[in-house]
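*Asks:*
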Amino acid sequence: MSAVSQPPPDAHPPRAVVGSQISHDEEMFGAAFDGRVIRRFFEYVRPYRKRIYIALLAVLAFTGAQLAIPLVIRYAIGVAIVSERASGTLLALAVAVFGGVILLSYLSNWVQDQIVGLTGERVIFDLRRAMFAHLQNVSLSFMDRTEIGRMMSRLQGDVNSLQEFLEKSITAFGDLVLLVGIIIIMLALDLQLGLVTLSVVPALLIVRLIWLPPARRAFRRARETNSIANGALAEGIHAVRTVRGLGRESVNFALYDDKANENLQCPPGWVVDKDGQPSTDPLVAREKGG
220 MSAVSQPPPD AHPPRAVVGS QISHDEEMFG AAFDGRVIRR FFEYVRPYRK RIYIALLAVL
280 AFTGAQLAIP LVIRYAIGVA IVSERASGTL LALAVAVFGG VILLSYLSNW VQDQIVGLTG
340 ERVIFDLRRA MFAHLQNVSL SFMDRTEIGR MMSRLQGDVN SLQEFLEKSI TAFGDLVLLV
400 GIIIIMLALD LQLGLVTLSV VPALLIVRLI WLPPARRAFR RARETNSIAN GALAEGIHAV
460 RTVRGLGRES VNFALYDDKA NENLQCPPGW VVDKDGQPST DPLVAREKGG
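Residue numbers (our numbering): 220 to 509.
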């Protein structure tokens, strides 16, 4: 009689799993960008619109100061120092204006950071309170088919992403105004040199069009694997007595370690085969529904 082969000591027991094995994450929680979600999010921003307007004014003041700094330096060097009209009075005036511009830049940036930070925290507080209140009224069937860990990952991680979106949106507005101002100043100072500088913009747009689709897939894949790992962790903590009673501590730790490594290492757009390893095989992707 041939000896029965024994599995290696570190092998997982047959069919041992933790967390979700089939992901319906994007279907349940939406795509990478949903305009309806953004519109609903701004319903929570509306009560603080006066603060937002003040923050936008501070951003404009900060942007104007950033645009004025090189112009003041240009005037100080070109007129107050090396020109025929150079004098100590003009230089002192340039230094005073430069100091005022720096002070305006500091104050406007401080006001912007304070208002945006406090407003973001209050908006997210209102949003989280509404979301947790909504969870008290959802059906039991939804709770039954939704992993608690994954849902908590959405309530925490995605809400933080919305807070970052609010703060970055105001900053991006200032960056856009700054970019337009730089282009106008460059063209006004030297039209030919400005056009040569802007000649690289079409190439940058082409690179962006090529880079954006894989970047979007990478974001969705990272969000999904992070949600799966958090779901498995939350379920393990919730069922810790059962896990200890069955003596599955080492098994669950090894299985969760696989999911954490998948979240860390699995490249965007790849799928995981039956052994838990990243794979680009189209047959595996078809079996996974890809």
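In this text, a Cβ means the ideal position worked out from N, Cα and C, and glycines have one as well. In this text, all values refer to a predicted model and were calculated from it rather than measured experimentally.
1. Whole-angstrom Cβ separation of Ala-277 and Val-330, contact assumed at under 8 Å?
2. Can you give me the Cβ contacts of Val-378 inside the same chain, cut-off strictly under 8 Å, excluding the 5 residues immediately before and after it?
3. Take the Cβ of Pro-274 as the centre, count every other Cβ of all protein chains shown within 10 Å, and call the residue buried at 16 or more, exposed below.
4. Determine the contact status of Val-335 and Phe-317, defining contact as a CB-CB distance below 7 Å.
5. Between the C-alpha atoms of Asn-471 and Ser-446, what's the straight-line distance to the nearest angstrom?
6. So, at 8 Å on beta carbons, what are the nonlocal neighbours of Val-462 in its own chain, with the 5 sequence-adjacent residues on each side left out?
7. Relative to the C-alpha of Arg-259, which residue among Thr-444, His-457, Leu-381, Val-396 is closest?
8. If we count the other Cβ atoms within 10 Å of its Cβ and call it buried at 16 or more, is Met-247 buried or exposed?
9. Tell me the residue span of the alpha helix (DSSP H) that contains Gly-464.
10. Using a threshold of 7 Å, state whether the C-beta atoms of Lys-478 and Ala-453 are closer than that.
11. Below 8 Å, how does it come out for the stretch 415-434 and the stretch 310-328: are there three or more Cβ pairs, yes or no?
12. Excluding five sequence neighbours on each side, which residues of the same chain lie with their C-beta closer than 7 Å to the C-beta of Tyr-475?
13. Between the Cα of Leu-279 and the Cα atoms of Gln-484, Asn-328, Arg-341, Gly-413, which residue gives the shortest distance?
14. What is the C-beta distance between Leu-414 and Gly-339, in whole angstroms, given that I count them as a contact (C-beta under 8 Å)?
15. Specify the secondary structure class of Glu-246 as computed by DSSP and reduced to three states.
16. Based on Cα-Cα distance, which residue from Asn-480, Gly-393, Tyr-263, Gln-355 lies nearest to Ala-448?
17. Going by Cα to Cα distance, which pick from Leu-431, Ser-360, Ser-324, Val-420 is closest to Thr-282?
*Replies:* According to the structure data:
1. That pair is a contact at about 4 Å.
2. Same-chain partners within the cutoff: Ile-343, Leu-346, Arg-347, Met-350.
3. With the sequence shown as reference, residue 274 is identified as Ala, and Pro is not the correct amino acid for it. In this structure Ala-274 is buried. Its beta-carbon is surrounded by 16 or more other beta-carbon atoms within 10 angstroms.
4. Taking 7 Å as the Cβ cut-off, Val-335 and Phe-317 do not qualify as a contacting pair.
5. Between Asn-471 and Ser-446, the C-alpha separation is close to 17 Å.
6. Short of 8 Å from the beta carbon of Val-462, and not among the five residues preceding or following it, lie these beta carbons of its own chain, in chain order: Gly-455, Glu-468, Asn-471.
7. Among Thr-444, His-457, Leu-381, Val-396, the Cα nearest to that of Arg-259 belongs to Leu-381.
8. Because the pLDDT at Met-247 is just 46, under 50, the model does not fix this residue reliably, and the point stays unresolved.
9. Taken as a continuous stretch (DSSP letters only), the alpha helix (DSSP H) holding Gly-464 covers 459-464.
10. Not in contact: Lys-478 and Ala-453 (Cβ atoms no closer than 7 Å).
11. Per the Cβ contact rule, the stretch 415-434 is not in contact with the stretch 310-328 (fewer than 3 Cβ pairs under 8 Å).
12. So the qualifying residues of the chain are Val-237, Ala-451, Leu-452, Gly-455.
13. Comparing Cα-Cα distances from Leu-279 to each of Gln-484, Asn-328, Arg-341, Gly-413, the minimum goes to Asn-328.
14. Actually they do not touch by this definition, with Cβ atoms about 40 Å apart.
15. For Glu-246, the predicted structure reports a pLDDT of 48, less than 50, and the residue's modelled location is therefore unreliable. A value from the coordinates is still provided. Glu-246 falls in the helix class under three-state DSSP.
16. When only C-alpha atoms are compared, the closest one is Asn-480.
17. For Thr-282, the closest C-alpha among the options Leu-431, Ser-360, Ser-324, Val-420 is that of Ser-324.
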